[in-house]
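Novice: Reminder that position 308 of the sequence shown reads as 965 in the numbering used here, one-by-one numbering, no gaps.
Idealized CB from N, CA, C, for every residue including glycine.
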Amino acid sequence: MSELKPRKDLLDIESLSLEEIEYVLENAVPFKQLFQRSVKKVPTLRGKTVLNLFYEPSTRTSSSFEVAANRMSADVTNFTVSASSIVKGESLLDTIETLQAMRSDYIVIRHKAAGVPGIVAQHTRASVLNAGDGYHAHPTQALLDAMTFREVYPDFAGRKVAIVGDILHSRVARSTSTLFHKLGIEVGVLGPGSLIPEGRHDFMTRFRTWDEVFDWGPDAVYLLRVQMERQEGQFFPSIAEYHKMYGMNSDRLVRMRELGAYLMHPGPVNRGVEVTDEAMGYEKSLISTQVENGIAVRMAVLHWLKPETQKD
Ligand code: NCD
Numbered sequence: 658m659s660e661l662k663p664r665k666d667l668l669d670i671e672s673l674s675l676e677e678i679e680y681v682l683e684n685a686v687p688f689k690q691l692f693q694r695s696v697k698k699v700p701t702l703r704g705k706t707v708l709n710l711f712y713e714p715s716t717r718t719s720s721s722f723e724v725a726a727n728r729m730s731a732d733v734t735n736f737t738v739s740a741s742s743i744v745k746g747e748s749l750l751d752t753i754e755t756l757q758a759m760r761s762d763y764i765v766i767r768h769k770a771a772g773v774p775g776i777v778a779q780h781t782r783a784s785v786l787n788a789g790d791g792y793h794a795h796p797t798q799a800l801l802d803a804m805t806f807r808e809v810y811p812d813f814a815g816r817k818v819a820i821v822g823d824i825l826h827s828r829v830a831r832s833t834s835t836l837f838h839k840l841g842i843e844v845g846v847l848g849p850g851s852l853i854p855e856g857r858h859d860f861m862t863r864f865r866t867w868d869e870v871f872d873w874g875p876d877a878v879y880l881l882r883v884q885m886e887r888q889e890g891q892f893f894p895s896i897a898e899y900h901k902m903y904g905m906n907s908d909r910l911v912r913m914r915e916l917g918a919y920l921m922h923p924g925p926v927n928r929g930v931e932v933t934d935e936a937m938g939y940e941k942s943l944i945s946t947q948v949e950n951g952i953a954v955r956m957a958v959l960h961w962l963k964p965e966t967q968k969d
């Protein structure tokens, strides 16, 4: 593979070239192999600092980044909203100035407003990794999803993934569908009409029922959580109704088994809403693999990005 142009930040999927995507996905493989060893650490980022800046609650993603940075021997600092001056009304730019003075090499940031990681990236020499900004993007989630899908389908091009749920409010849906499309994987969507954005991605096939999804023959079904905290207003009649119409239940599992389709979910899972307890135990669930691959992909991204601090 030819040498890639150095890149400082990872803010979205749209701006990645296929070559860059391949580079990250291929580099994640040896990092994952490391997890089988008793010593799971490499010295790659020794002496470097990673700042985890989470303005939104997160367990899965923040700990995944933390584990990834630790396994690369970086020093990690976690900034959580309640423990920082963010709640005291400090402006974003003042916070950035403080961060800049700390001379972190990598800043991992999650924020409820779309575009915040991009603003931080413009004002700091550190590499900025977008860990989710509003409805906008969640690029490392998309990369880990692609890695997971390609592990089970090395012949991934032309395969089909149905994304089911709250597409409108989901940065995961946006980033993952864009990446799958770039890789030549077909994407379909199912969800309440009010939660499917009109005309956002013309490449996605729109379904109205599970029967339509199953007739299409998906190789994987990707369930999403209903993002209650992002919804202003009522997008569907009730949780019970949602579960009945869109949830993964025992009847739908029968169809999944017939197709040999895999089940994916970015977490956190709302049991009884988009998925039943039974479906959580489905033998072709890739949910734990997604978590494991998340660490490997984030290590590969940390390895790839080049902060400007490294010029010092
Ligand atoms: C997703 C997120 O935060 O966007 N979760 C995650 O990163 N693990 C999806 C979600 O919150 O439903």
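Return yes when the Cβ of Val821 is within less than 8 Å of the Cβ of Gly848, no when it is not.
Specialist: For the purposes of this step, residue 848 is identified with residue 191 of the sequence shown, where counting begins at 1. For the purposes of this step, residue 821 is identified with residue 164 of the sequence shown, where counting begins at 1. It is a contact, given that the beta carbons lie within the stated cut-off.
Novice: Where do the N-terminal and C-terminal ends of the alpha helix (DSSP H) with Tyr903 fall, by residue?
Specialist: For this step, residue 903 is matched to residue 246 along the sequence shown. Where Tyr903 is concerned, the enclosing alpha helix (DSSP H) stretches over 896–903.
Novice: Buried or exposed for Gln656, going by 16 or more other Cβ atoms inside 10 Å?
Specialist: Any question about residue 656 goes unanswered here, given that the chain covers just 658 to 969.
Novice: Rounded to a whole number of angstroms, what is the C-alpha to C-alpha distance between Leu673 and Ala953?
Specialist: Numbered from 1 along the sequence shown, position 16 holds the residue referred to as residue 673. Numbered from 1 along the sequence shown, position 296 holds the residue referred to as residue 953. C-alpha separation (whole angstroms): 19 Å.
Novice: Using 8 Å for Cβ pairs, my map puts Met905 next to Glu931. What's the rounded Cβ distance?
Specialist: For the purposes of this step, residue 905 is taken as the residue at position 248 of the sequence shown. For the purposes of this step, residue 931 is taken as the residue at position 274 of the sequence shown. Contact flag correct, Cβ pair sits at about 7 Å.
Novice: Who are the near neighbours of Glu723 in its chain, counting only those whose CB is closer than 7 Å to its CB and skipping five residues on each side?
Specialist: Start at 1 with the first residue of the sequence shown, and residue 723 comes out as number 66. Within the same chain, Glu723 has close Cβ partners Asn709, Val733, Asn735.
Novice: Cβ of Thr752 within 7 Å of any heavy atom in ligand 1?
Specialist: Residue mapping note: residue 752 aligns to position 95 of the sequence shown, counting from 1. Outside the cutoff, so no.
Novice: Regarding Val829 and ligand 1, is the C-beta to nearest heavy atom distance less than 7 Å?
Specialist: Residue numbering aside, residue 829 sits at position 172 when the sequence shown is read from its first letter. At least one heavy atom of ligand 1 is nearer than 7 Å to the Cβ of Val829, so yes.
Novice: Under the three-state reduction of DSSP, which class applies to Ser942: helix, strand or coil?
Specialist: Mapped onto the sequence shown, residue 942 falls at position 285. Ser942 falls in the strand class under three-state DSSP.
Novice: Could you pull the DSSP bridge partners for Ala957 from this structure?
Specialist: Taking the first residue of the sequence shown as position 1, residue 957 is located at position 300. Looking at the DSSP assignment, Ala957 forms no beta bridge with any residue, so it has no partner.
Novice: Evaluate Leu800 with the Cβ neighbour count: other Cβ atoms within 10 Å of its Cβ, from every protein chain shown; 16 or more gives buried, anything less gives exposed.
Specialist: Within the sequence shown, the letter at position 143 stands for residue 800. Answer is buried; the Cβ neighbour count reaches 16.
Novice: Who are the near neighbours of Ala731 in its chain, counting only those whose CB is closer than 7 Å to its CB and skipping five residues on each side?
Specialist: On the sequence shown, position 74 is the one that residue 731 refers to. Contacts found: Leu702, Lys705, Thr706, Val707.
Novice: Which stretch, first to last residue, makes up the alpha helix (DSSP H) that contains Lys689?
Specialist: On the sequence shown, residue 689 is found 32 positions in, with the first residue counted as 1. Run containing Lys689: 675–691, per the alpha helix (DSSP H) assignment.
Novice: Please report the straight-line C-alpha distance between Asp969 and Ser784, rounded to a whole angstrom.
Specialist: In the sequence shown, residue 969 corresponds to position 312, counting from 1. In the sequence shown, residue 784 corresponds to position 127, counting from 1. Confidence at Asp969 is low in this model, with a pLDDT of 47, below 50, so its placement is unreliable and the value that follows should be read with caution. For Asp969 and Ser784, the distance between alpha carbons rounds to 14 Å.
Novice: For Val883 and Asp823, I'd like the C-alpha separation in whole angstroms.
Specialist: As a first step, residue 883 is located in the sequence shown; it is residue number 226 there, counting from the start. As a first step, residue 823 is located in the sequence shown; it is residue number 166 there, counting from the start. Roughly 5 Å separates the two Cα atoms.
Novice: Considering only the alpha carbon of each residue, which of Thr833, Gly845, Val699 lies closest to Ala803?
Specialist: By one-based count along the sequence shown, residue 803 stands at place 146. It is Thr833 whose Cα lies nearest to the Cα of Ala803.
Novice: Take Asn927 as the anchor and find which of Arg955, Leu916, Ala897 has the nearest alpha-carbon.
Specialist: Counting from one through the sequence shown, the residue named residue 927 turns up at place 270. Comparing Cα positions, the closest option is Ala897.
Novice: Which residues does DSSP pair with Ile972 in a beta bridge?
Specialist: A query on residue 972 cannot be resolved here, the shown segment of the chain reaching from 658 to 969 and no further.
Novice: Going along the chain, which residues of its own chain have a beta-carbon closer than 8 Å to the beta-carbon of Pro875, five neighbours each way excluded?
Specialist: For the purposes of this step, residue 875 is identified with residue 218 of the sequence shown, where counting begins at 1. Once the five neighbours on either side are set aside, the close Cβ partners of Pro875 are Lys817, Val818, Ala819, Gly845, Leu916, Ala918.
Novice: Between Gln947 and Arg865, what straight-line distance do the alpha-carbon atoms span, to the nearest angstrom?
Specialist: The residue labelled residue 947 in the question sits at position 290 within the sequence shown. The residue labelled residue 865 in the question sits at position 208 within the sequence shown. One alpha carbon belongs to Gln947, the other to Arg865, and they sit about 27 Å apart.
Novice: Within 10 angstroms of the Cβ of Leu661, are there 16 or more other Cβ atoms? Answer buried if so, exposed if not.
Specialist: Taking the first residue of the sequence shown as 1, we reach residue 661 at position 4. Exposed, by the Cβ-count rule.
Novice: Report back the beta-carbon spacing between Glu795 and Val829 to the nearest angstrom; my notes put them in contact at under 8 Å.
Specialist: The residue given as residue 795 occupies position 138 in the sequence shown. The residue given as residue 829 occupies position 172 in the sequence shown. In the sequence on display, residue 795 carries His and not Glu. Confirmed, about 5 Å.
Novice: Specify, as a first and last residue, the run of the beta strand (DSSP E) that Asn906 falls within.
Specialist: Reading the sequence shown from its first residue, position 249 is the one you call residue 906. Note, Asn906: premise wrong, no beta strand (DSSP E); not H, not E.
Novice: Cα separation between Gly929 and His900?
Specialist: For the purposes of this step, residue 929 is identified with residue 272 of the sequence shown, where counting begins at 1. For the purposes of this step, residue 900 is identified with residue 243 of the sequence shown, where counting begins at 1. Distance between the alpha carbons of Gly929 and His900: 7 Å.
Novice: Please determine, among Pro925, Phe860, Pro700, the residue with the shortest C-alpha to C-alpha distance to Thr835.
Specialist: Sequence index remark: in the sequence shown, residue 835 carries index 178 (1-based). Among Pro925, Phe860, Pro700, the Cα nearest to that of Thr835 is on Phe860.
Novice: Indicate whether at least one CB of chain C lies closer than 8 Å to the CB of Lys817.
Specialist: No chain C is part of this structure, which consists of one protein chain only.
Novice: Would the beta-carbon of Leu749 fall within 8 Å of that of Val765?
Specialist: Counted from its first residue, the sequence shown places residue 749 at position 92. Counted from its first residue, the sequence shown places residue 765 at position 108. No, Cβ-Cβ distance for Leu749 and Val765 is not below 8 Å.
Novice: Between Arg728 and Arg782, what straight-line distance do the alpha-carbon atoms span, to the nearest angstrom?
Specialist: Against the sequence shown, residue 728 aligns to sequence position 71. Against the sequence shown, residue 782 aligns to sequence position 125. Going by C-alpha positions, Arg728 is about 23 Å away from Arg782.
Novice: Span of the alpha helix (DSSP H) holding Val635?
Specialist: Since the first residue of the chain shown is 658 and the last is 969, residue 635 is not available in this structure.
Novice: Given 7 Å as the limit, tell me if Leu800 has its C-beta closer than that to any heavy atom belonging to ligand 1.
Specialist: As a working note, residue 800 is residue 143 in the sequence shown. No, ligand 1 has no heavy atom inside 7 Å of this Cβ.
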